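For reference, the structure is listed below as structure tokens.
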Amino acid sequence: MKGGEIGYAKRAVVGAGARILFYPTLLYNVIRYKVEPRHFRWWDQIDQYIILGAVPFPKDVLRLKKLGVTSVVTLNEPFETLVPTTLYREHGMEHLVIPTRDYLFSPSVVDISRAVEFIHENASSKRTTYVHCKAGRGRSTTVVLCYLIDHKQMTPTAALEYVRSIRPRVALTASQWKI
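Numbering-wise, UniProt numbering puts 126 at position 126 of the sequence shown, and it's gapless, one number per residue.
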């Protein structure tokens with residue numbers, strides 16, 4: 001196999017695994033949240049205008065709105081998305097969708113730039129953005145770190161330490177960290 005074929009095969013295998021593991025790992029996260037709500041929060045306020053968290057359920061949209069969320073960045077593949085864009089819009093929220101494979105992958109540099117600019121535009125207008133992937137650990141953390149580096153002038157290490165101080169379970173893969 002050539003390099004491109006290996007990359008394609010890896011993406012296909014991880015994609016199949018992600019589909020198989022989605023509901024069991026989502027259930028694990030829900031159980032952890034129910035058992036340890038103080039230590040395993042569904043979302044965390046990172047700064048005045050950013051909330052980082054796990055995939056919301058439809059019932060969470062109203063809760064997010066009450067927290068002041070006016071925009072959402074979704075970094076899930078379509079099969080992982082539990083809230084349709086129409087529901088966010090019904091509640092007056094903007095919704096940026098950046099389909100990103102789970103586990104070993106990160107959003108592209110172009111997609112990260114789109115998300116960071118979306119968050120910045122909202123923060124500049126004093127609007128709060130909810131940034132999420134499935135567990136709020138990797139893909140969404142990558143975007144939030146890039147925002148902090150770009151707009152809060154943090155170093156990558158300082159940004160990660162800051163986010164971990166608020167949301168200890170964040171965990172980046174090698175591909176997410178090198179972005």
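For glycine and all other residues, C-beta sits at the position ideal for the given N, C-alpha and C. Bear in mind that the values here come from a model prediction, so they are computed numbers and not experimental data.
Note on the region 69 to 149: whole beta strand (DSSP E) runs with a minimum of 3 residues are 69 to 74, 94 to 97 and 128 to 132, in chain order.
Under the three-state reduction of DSSP output, Trp42 falls in the coil class, being neither helix nor strand. Excluding its 5 nearest sequence neighbours in each direction, Gly92 has C-beta neighbours in its own chain below 8 Å: Lys65 and Thr70, listed in chain order. Setting aside the 5 residues that flank it on each side, Gly68 is surrounded in the same chain by Thr128, each with a C-beta closer than 7 Å to its C-beta; the list follows chain order.
Of the candidates Val30, Val116, Ser175 and Ser124, the residue whose Cα lies closest to the Cα of Gln48 is Ser124.
DSSP places Leu52 inside the beta strand (DSSP E), whose first and last residues are Ile50 to Gly53.
The secondary-structure analysis by DSSP pairs Asp60 with nothing; it has no beta-bridge partner. Excluding five sequence positions before and after Ala171, the CB atoms of its chain that fall closer than 7 Å to its own CB belong to Arg137 and Gly138, given in chain order.
When Thr100, Thr86 and Glu36 are compared, the shortest CA-CA separation from His132 is found for Thr100. With a cutoff of 9 Å on beta-carbon distance, Asp44 and Ile166 are scored as near each other.
Of the other Cβ atoms in all chains shown, fewer than 16 fall within 10 Å of the Cβ of Thr157; this residue is therefore exposed. Each of His151, Thr85, Gln176 and Tyr23 was checked against the Cα of Ser140, and the nearest Cα belongs to Gln176.
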